[in-house]
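Undergrad: Handing you this structure, nothing more for now.
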Amino acid sequence: LQMASADGDIELVLLLIERSVNVGYEGHHFGTALNAAAFFGHLECVMLLLVWFCIDAGVDPYLPGGFFGSALNASIRGCNIQIINFLLQQNAYAKPPHGRFGTHLYRYLACKVRHSRFVRLLLQHGASADVTFPTEGTVLHLACRENKFDIANLLLEHGADDNAFGPDFETLLHIACEIQDEHVINVLLKHGADVNMIAPDSRVALHIACTKGNLETAKQLLGNGANVDV
1 LQMASADGDI ELVLLLIERS VNVGYEGHHF GTALNAAAFF GHLECVMLLL
51 VWFCIDAGVD PYLPGGFFGS ALNASIRGCN IQIINFLLQQ NAYAKPPHGR
101 FGTHLYRYLA CKVRHSRFVR LLLQHGASAD VTFPTEGTVL HLACRENKFD
151 IANLLLEHGA DDNAFGPDFE TLLHIACEIQ DEHVINVLLK HGADVNMIAP
201 DSRVALHIAC TKGNLETAKQ LLGNGANVDV
């Protein structure tokens, strides 16, 4: 069933279902057949399996399992936007972290295809805007690093912590001042980032701006309450 679902072979999937195949069976890689269909982007197969899960198997089709953790995470990993949207409309869980790829929101932002409307959809369905991945920082760090400022704004509007420390124990404002990225600095200051937040190395954003000789950023930080005596 998993292989038929991975291939999107509806006729074979139907044949197996008619022969009372266990639709909830988890294999060593995909987990369930639903996960396999979601990863490879076979929407019709996803719809069929989802209905059969609920009617016949009597189990929750969104429970974590397999390599991807869930059907939603599998569809995100495969960057299958139509299936992501469909699963969320069917009340798939957007919030819990499943599988080896972290949370759904983090996995989506790490995909090559990123659309702010789907980030908004994930957030509206309960995804946390403050998820942290040990080697990458928060989802906000990831969005800013990828220059996805529309997504960064969305995350901030949904409560992302603009003062959270990243993997190198610096806030995004520290990092933005270090690389002299005016756009990120503007986004963060607009949403109230703490200009006097002290990093573990005792530096504040103003220290970094002055070290870099960035007069405009220094003026901007001072205009937003930076303490010259820190």
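First residue of the sequence shown? That's 1 in the UniProt record's numbering, and the numbers climb one at a time after it. For every residue, glycine included, the Cβ atom is placed at its ideal position computed from N, Cα and C.
1. Which residues share a DSSP beta bridge with THR135?
2. The alpha helix (DSSP H) that contains PHE68, what's its start and end?
3. Give a yes or no on contact between the segment 41-48 and the segment 21-31, applying the rule of three or more CB pairs nearer than 8 Å.
4. Buried or exposed for ILE151, going by 16 or more other Cβ atoms inside 10 Å?
5. Only counting the same chain, and skipping five residues up and downstream in sequence, which positions put a Cβ closer than 6 Å to that of LEU48?
6. Do you know how far the Cα of ALA36 is from the Cα of VAL69?
7. By the three-class DSSP mapping on this structure, what secondary structure does SER75 have?
8. CB LEU188 to CB HIS158, shorter than 7 Å?
9. When the Cα of ALA71 is compared with those of VAL184, ALA38, THR171, which residue comes out closest?
10. So, with DSSP's three-state summary, where would you put SER202?
11. ALA4 and VAL13 - do their beta-carbons sit closer together than 7 Å?
12. Report, in whole angstroms, the separation of the C-beta atoms of residue 246 and GLY166, which I expect to be a contact under 8 Å.
13. Do ALA160 and ALA199 count as a contact pair if the criterion is CB distance below 7 Å?
14. So, for LYS112: in the same chain, excluding its five sequence neighbours on each side, which residues have a beta-carbon less than 6 Å away from its beta-carbon?
15. Excluding the 5 residues preceding and the 5 following HIS141 in the sequence, name in chain order all residues of the same chain whose CB lies nearer than 7 Å to its CB.
16. Please state whether DSSP places ARG145 in a helix, a strand or coil.
17. With respect to the alpha helix (DSSP H) encompassing MET3, which residues constitute its N-terminal and C-terminal limits?
18. First and last residue of the alpha helix (DSSP H) that includes LYS212?
19. In the DSSP assignment, find the unbroken alpha helix (DSSP H) run with PHE165 in it and report its ends.
20. In this structure, does DSSP put MET197 in helix, strand or coil?
21. Using three-state DSSP, classify THR32 as helix, strand or coil.
22. With the cut-off set at 7 Å, would you say ASN227 and MET197 are in Cβ contact?
23. Using CA coordinates, which residue listed in ALA127, VAL139, HIS174, LEU156 is at the minimum distance from ALA205?
TA: So, from the listed chains and residues:
1. Note: THR135 sits in no beta bridge, so no partner.
2. It is not in any alpha helix (DSSP H) - PHE68 carries neither H nor E in the DSSP assignment.
3. no
4. buried
5. none
6. At residue 69 the sequence reads Gly, which differs from the Val that was named. Going from the Cα of GLY69 to the Cα of ALA36 covers about 11 Å.
7. helix
8. no
9. Taking the Cα of ALA71 as reference, the smallest distance to any Cα among VAL184, ALA38, THR171 is reached at ALA38.
10. Collapsing the DSSP output to three states places SER202 in coil.
11. yes
12. Nothing in the structure corresponds to residue 246, since the chain is present only between 1 and 230.
13. Cβ atoms of ALA199 and ALA160: not closer than 7 Å.
14. With a pLDDT of 46 at LYS112, under the threshold of 50, the predicted position of this residue should be treated as unreliable, though the coordinate-derived value follows. Hits under 6 Å: none found.
15. GLY166, LEU172, listed in sequence order.
16. In the structure shown, ARG145 sits in a helix (DSSP, three-state: H, G or I).
17. 2-7
18. Premise fails: LYS212 is in no alpha helix (DSSP H) and is neither H nor E.
19. Careful: PHE165 lies outside any alpha helix (DSSP H) and carries neither H nor E.
20. coil
21. In this structure, THR32 counts as coil in the three-state DSSP scheme.
22. Taking C-beta atoms as the reference points, ASN227 and MET197 fail to come closer than 7 Å.
23. The shortest C-alpha to C-alpha distance from ALA205 to any of ALA127, VAL139, HIS174, LEU156 is the one to HIS174.
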